[in-house]
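>
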């Protein structure tokens, strides 16, 4: 198996720690190292570094090279982000270029997995299934009625075909309302769509040819110059002509290939906000449910997340449900429950022309 | 009239802005300049710079000299703080040394006065009264039932003696309970004790001789060497032997001199905490009752006090009743109502050996 790790994106939800120069996937958000490194390390039981392909933004190439110094991980820099379909197509042609004829796992670089062994087991099963065609998604067993995610409804079981924990996908549901979500969870037939799937490069490219012919043409062009010094220039040309389209919309929703789901209960989180990180790191909570990192002094605080990352003393008094993130350039103080709205701060800073803080 | 401005004290209640190196009186807390400079400027209609005597701590002399560069204000540095009785005694002998035979106003350097004209009028009346003996306190007309202050109960009116707005003091009440305070305010016969009073140097020194003979002896010694280069060394010796005692306890409560009170409604505040400063600066409140100074960005915040003093962007989201004070060395985030407890932070930092933050 090969793996394509999608390392683009410029998440703003962890501002002021995540910045356009160092988005979330390059940060140690969960306390166990930069997320993209964690993502690769997690795959190690399944495949070697030389079978991993990072697709990332041009401006982050230097940072990534430094993080993976001495490792054989491949890196491909997109000159500009064009959503997931081009990124996945690029991963597919590069996997073929590396000689891959088997399954390829496609996964985001910035997710947390609490139980990596269980995740690897699911990926392995997905790889087995995908070897004989189709697209195999990993379905995250929901742990709460979350309306912010997409859901995958399972259909016919593959038990008769000897695949014990695998199903055909009956339907995708994008961000349903809370009532539907509660019904989904009660039924036990729905999973979160974490954007992780396995398919052969051939499957991906054939469906791209059929459904996104312009993209396919570009990829076919690029394939010819892969490994030559003409690749980079050609990539820039091809990308500048591409229209951004998501793999979900461009391929998944319209494919004639069979789509499968392998349920996986692996403590997954997309770590989408400071507040979800706060929940995730329950092991780091003190006896008043605070997380406090860096130089700090807490008096009568509870259920708060204090992150001192500027080497300064952060003194807190009488705080409840508060988020304090101190960095050298900017300080954030927020209601922890409002951490989804941090994008509003980033938007305002952009409007105010404060690019240096983004 | 001369004035002795008591500039000692190492207030911790405005931490992290007030530090042992720059206590409150040297800071621009209210937005109109360093408090000690404001205190002197406020007296200008009444007396010239050369009749003002600052008594301050040795370690703050340099800062004070820089603040009063080019001005004729006198400065006396105590080698160590020994409470108010020695400070006031020192002021008295220095005023005599300057040739003062009339009244001397004694006042703290770190108070705010909203209506300086009314304050000056009261001081002038107090000076007139004190010229013929006794100690004349300025009684601040209470604006709220505050239990944290001392109260002065007025007695017999001096109207018959031609002093329209002056009374004998009938009693001092130190930090009474809320029930008593409410009765005080209802009666209209009580005033806050702001620690401001007027008396001749002779009155002060005679009462010191009678009630604190050891202190008087030291002062008499010092008087002989005032203006010589032996003064500083002698001051150190005398101070090292002194026991610290407050003027209230040592003199006021035991004096046989008549004590008077001149009521004064001058928008006084001792600016004792961030929250009292927040109330005081109501003119700076925005439409959601926030005060925000320095580089900041507030989204959905109300009744909060955001002070960015480190040149960094302070972004706040969804805060209520919150205090954020950002300085280069330390950051404070607190419930605004808990600002009286900031001393707890300072105590803890001292215990933790973090002297650099004090």
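Chains as they are written, first to last, in the numbering used here: chain W, 1 to 358; chain X, 1 to 358.
Note that beta-carbon positions come from the ideal geometry of N, C-alpha and C, so glycine has one too.
Given the structure is predicted, the values throughout are model-derived calculations rather than measurements.
Kindly list, in the order they appear in chain W, the residues whose Cβ is closer than 7 angstroms to that of residue 338 of chain X.
Simply 317 and 318.
> Going by the beta-carbon positions, is the gap between residue 4 of chain X and residue 95 of chain X smaller than 8 angstroms?
In this structure, residue 95 of chain X lies closer than 8 angstroms to residue 4 of chain X by Cβ.
> Give the range of the beta strand (DSSP E) segment to which residue 201 of chain X is assigned.
Run containing residue 201 of chain X: none in the beta strand (DSSP E); it sits in the alpha helix (DSSP H), 201-211.
> Flag residue 291 of chain W as yes if its beta-carbon sits less than 8 angstroms from any beta-carbon of chain X, otherwise no.
Not an interface residue.
> Just checking: is the beta-carbon of residue 166 of chain X within a distance shorter than 8 angstroms of some beta-carbon in chain W?
No, residue 166 of chain X does not count as interfacial toward chain W.
> If you measure from the beta carbon of residue 332 of chain W to each beta carbon in chain X, is any gap under 8 angstroms?
Yes - at least one Cβ of chain X is within 8 angstroms of the one on residue 332 of chain W.
> Terminal residues of the continuous beta strand (DSSP E) containing residue 326 of chain X?
Segment 322-326, the beta strand (DSSP E) holding residue 326 of chain X.
> Classify residue 183 of chain X as buried or exposed, calling it buried when 16 or more other Cβ atoms lie within 10 Å of its own Cβ.
Exposed, because fewer than 16 other Cβ atoms sit within 10 Å of the Cβ of residue 183 of chain X.
> When you compare the CB of residue 17 of chain W with every CB in chain X, is at least one pair closer than 8 angstroms?
Cβ-Cβ to chain X under 8 angstroms: no for residue 17 of chain W.
> Listing by chain order, which chain W residues have their CB less than 9 angstroms from the CB of residue 329 of chain X?
Here the neighbours are 312 and 313.
> With 8 angstroms as the threshold, decide whether the Cβ of residue 357 of chain W is near any Cβ in chain X.
At least one chain X Cβ lies under 8 angstroms of residue 357 of chain W.
> Quick one: any contact between the segment 78-95 of chain X and the segment 208-219 of chain X, if contact means 3 or more CB pairs under 8 angstroms?
Output reads yes: the segment 208-219 of chain X touches the segment 78-95 of chain X.
> Would you mind reading off the limits of the beta strand (DSSP E) that contains residue 306 of chain X?
Unbroken beta strand (DSSP E) run through residue 306 of chain X: 305-308.
> So which residues of chain W does residue 277 of chain X contact, with C-beta pairs closer than 8 angstroms?
What residue 277 of chain X touches in chain W: nothing, since even the nearest Cβ is about 16 angstroms away.
> Below 7 angstroms on C-beta distance, what does residue 335 of chain X contact in chain W?
Those within 7 angstroms of residue 335 of chain X in chain W are 317, 318 and 319.
> Would you list the one or two residues that DSSP bridges to residue 191 of chain W?
W:152, per the DSSP bridge assignment.
> Does the segment 329-339 of chain W come within contact of the segment 299-313 of chain X, defined as at least 3 CB pairs closer than 8 angstroms?
Yes: at least three Cβ pairs fall under 8 angstroms.
> Following the continuous alpha helix (DSSP H) through residue 278 of chain W, name the residue where it begins and the one where it ends.
Residues 274-280.
> Is there contact here, the segment 34-54 of chain W with the segment 109-118 of chain W, by at least three beta-carbon pairs under 8 angstroms?
Output reads yes: the segment 109-118 of chain W touches the segment 34-54 of chain W.
> Using the Cα positions of residue 48 of chain X and residue 197 of chain X, report the straight-line distance between them to the nearest angstrom.
Spanning the two alpha carbons is a distance of roughly 19 angstroms.
> Taking the alpha carbon of residue 162 of chain W as the point to measure from, which residue in W:141, W:125, W:176 and W:173 has its own alpha carbon closest?
Among W:141, W:125, W:176 and W:173, the Cα nearest to that of residue 162 of chain W belongs to W:125.
> If you drop the 5 nearest sequence neighbours on each side, which residues of the same chain put their C-beta closer than 6 angstroms to that of residue 273 of chain X?
Excluding sequence neighbours, residue 273 of chain X sits near 13, 339 and 340.
> Could you tell me which of X:230, X:130 and X:275 sits nearest to residue 258 of chain X, measuring between CA atoms?
Among X:230, X:130 and X:275, the Cα nearest to that of residue 258 of chain X belongs to X:130.
> Check each candidate in X:353, X:34 and X:347 and name the one with the smallest Cα separation from residue 109 of chain X.
Out of X:353, X:34 and X:347, X:34 has the C-alpha closest to the C-alpha of residue 109 of chain X.
> Going by alpha carbons, who is nearest to residue 134 of chain X out of X:201, X:178 and X:174?
Cα-wise, what sits closest to residue 134 of chain X is X:201.
> For the beta strand (DSSP E) that contains residue 335 of chain W, what are its first and last residues?
Residues 330-335.
> Name, in chain order, the residues that DSSP records as bridge partners for residue 78 of chain X.
Residue 78 of chain X is bridged to X:57.
> Please list the partners that residue 326 of chain W has in chain X, where partner means a Cβ-to-Cβ separation under 8 angstroms.
Here the neighbours are 331.
> Looking at the secondary structure, which residues open and close the alpha helix (DSSP H) in which residue 41 of chain W lies?
Residues 35-43.
> Which residues does DSSP pair with residue 135 of chain X in a beta bridge?
Note: residue 135 of chain X sits in a beta bridge opposite X:259.
> Going by DSSP, what residues sit across from residue 15 of chain W in a beta bridge?
None; residue 15 of chain W has no bridge partner.
> Taking only three categories from DSSP, how would you classify residue 296 of chain W?
Three-state DSSP puts residue 296 of chain W in a strand.
> Which whole-angstrom value is the C-beta distance of residue 139 of chain W and residue 152 of chain W, which I expect to be below 8 angstroms?
About 5 angstroms separates the two Cβ atoms, so the contact holds.
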